[in-house]
Amino acid sequence: MAVVSRGFGARRRESDARLPPGQYLTEDFPVLSAGPTPRVEPDEWRFAIRSEVGEQVTWTWDEFLALPIEDVHTDIHCVTRWSKLGTSWRGVSLDTLLDAVDTDAGYAMAQSYGGYTTNLPVDELRGGRAWVAFEFEGEPLDPEHGGPARLLVPHLYFWKSAKWVRGLTLMDDDEPGFWEQNGYNMHGDPWSEERYW
Numbered sequence: 001m002a003v004v005s006r007g008f009g010a011r012r013r014e015s016d017a018r019l020p021p022g023q024y025l026t027e028d029f030p031v032l033s034a035g036p037t038p039r040v041e042p043d044e045w046r047f048a049i050r051s052e053v054g055e056q057v058t059w060t061w062d063e064f065l066a067l068p069i070e071d072v073h074t075d076i077h078c079v080t081r082w083s084k085l086g087t088s089w090r091g092v093s094l095d096t097l098l099d100a101v102d103t104d105a106g107y108a109m110a111q112s113y114g115g116y117t118t119n120l121p122v123d124e125l126r127g128g129r130a131w132v133a134f135e136f137e138g139e140p141l142d143p144e145h146g147g148p149a150r151l152l153v154p155h156l157y158f159w160k161s162a163k164w165v166r167g168l169t170l171m172d173d174d175e176p177g178f179w180e181q182n183g184y185n186m187h188g189d190p191w192s193e194e195r196y197w
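Structure (C-alpha cells):
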C-alpha cells in the first residue's frame, strides 16, 4: 500500500494574479495524504484544545455544531503547487474555539485522527483566518478530504490545514509537526514560497 497518495507530482504553471508564485490552477480537488484515510463517525468525533498549562476544553460533534457557524469563501494552495480558487466551506472559527481556553501560548500543534500533526503560530489561527471546517461546496466533508472535520487555514499552504483534526495542543515554544520534521517550512506562506527548510 502506498504511504503517500496521488497528487504529489508537478504540473504546468499558469499566470494569474490570484496564484502565488510557482502555483498552477486546478479545477478538481486533488487528494493528498501521508497515510491511510481515518474513518471517524461524527458521534465518535471529539475536538479538544489543551492549554500550555494542561487545562482542556472538549466538544462533541453536537456541541461543536451548536457553536456559531460561518460560511467561508477562499482560495487554497498546496505546497505540491496546485491552487484551487473560489472554494466554499462551512465551519467554526478558531477565534470561537480559542476564546474558550485561558492561554497566552504563542504556538499550537494540530493533532489529527491517524496521528498527523502540524505546527502553527496561534496568531495565524486568530483574526478570522482559520476554521474547523465540516462542509465543502455545500456537502459534508468527504473522509478523503479530512471529514468529518479538518482545519482550514487558507492563507498558509494546505498541509497546515490538518485533515481529520481532533484538537490543538497549545505551546509556549514552536515545535515541528509531521511534515516540518521531514523538511517542510515551519511557517508555510505560499506568497513567500515557504515550502521547505
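Using UniProt numbering, read the sequence shown as starting at 1 and increasing by one per residue.
Note that the Cβ used here is the ideal one computed from N, Cα and C, for glycine as well.
This structure is a prediction, so every number in the text was calculated from the model and none was measured.
Check: How would you call Gly177, buried or exposed, if buried means at least 16 neighbouring beta carbons within 10 angstroms?
Finding: buried
Checklist line | Reference Arg150; option with closest CA among Val40, Asp16, Pro21 | finding: Val40
Next item on the list: Run the CB neighbour count on Trp82, radius 10 Å, all protein chains shown included, and call it buried at 16 or more, exposed below.
Entry: buried
Notebook entry, point to check: Does the beta carbon of Asp28 come closer than 7 Å to any beta carbon on chain E?
Noted result: In the displayed structure, chain E is absent; only one protein chain is listed.
Next item on the list: For Trp45, I'd like the list of residues in its chain whose CB is within less than 6 Å of its CB, leaving aside the five on either flank, ordered along the chain.
Entry: Trp61, Pro148
Checklist line | Supposed contact pair Trp131 and Asp180 - C-beta distance, whole angstroms, cut 8 Å | finding: Looking at the sequence shown, residue 180 is not Asp but Glu. So it is not a contact: roughly 21 Å between Cβ atoms.
Check: Is it buried or exposed for His73, if we count other Cβ within 10 angstroms and need 16 for buried?
Finding: exposed
Next item on the list: Specify whether the region 134-145 and the region 93-110 touch according to this definition: at least 3 beta carbon pairs, one from each stretch, less than 8 Å apart.
Entry: no
Checklist line | Start and end residues, alpha helix (DSSP H) containing Gln181 | finding: 178-181
Next item on the list: Could you name the residues of the same chain whose beta carbon sits closer than 8 Å to that of Val122, not counting the 5 residues immediately before and after it, in chain order?
Entry: Leu98, Thr103, Ala105, Gly106, Tyr107, Ala108, Leu170
Next item on the list: Figure out for me which residue from Pro68, Ala48, Val79, Ala100 has the closest Cα to the Cα of Arg90.
Entry: Pro68
Margin query: Please report the distance separating the alpha-carbon of Tyr184 from that of Thr26.
Written below: 22 Å
Next item on the list: Report the residue from Gly138, Ser112, Asn119, Glu55 whose alpha carbon sits nearest the alpha carbon of Thr87.
Entry: Gly138
Next item on the list: With Thr169 as the anchor, note down where its alpha helix (DSSP H) starts and where it stops.
Entry: Element bounds for Thr169: not the alpha helix (DSSP H) but the beta strand (DSSP E), 165-171.
Next item on the list: State the Cα-Cα distance for the pair Val4 and Gly115, rounded to the nearest angstrom.
Entry: Confidence is the limiting factor: at Val4 the pLDDT is only 42, short of 50, which leaves the residue's position unreliable, though a coordinate-based value still follows. The alpha-carbon atoms of Val4 and Gly115 are separated by roughly 15 Å.
Check: Ala110 and Ala162 look like a contact to me (Cβ under 8 Å); what is the Cβ gap, rounded to whole Å?
Finding: 4 Å
Next item on the list: Would you grab the beta carbon distance between Leu120 and Lys160 for me? Rounded to a whole angstrom, and I think it's under 8 Å.
Entry: 6 Å
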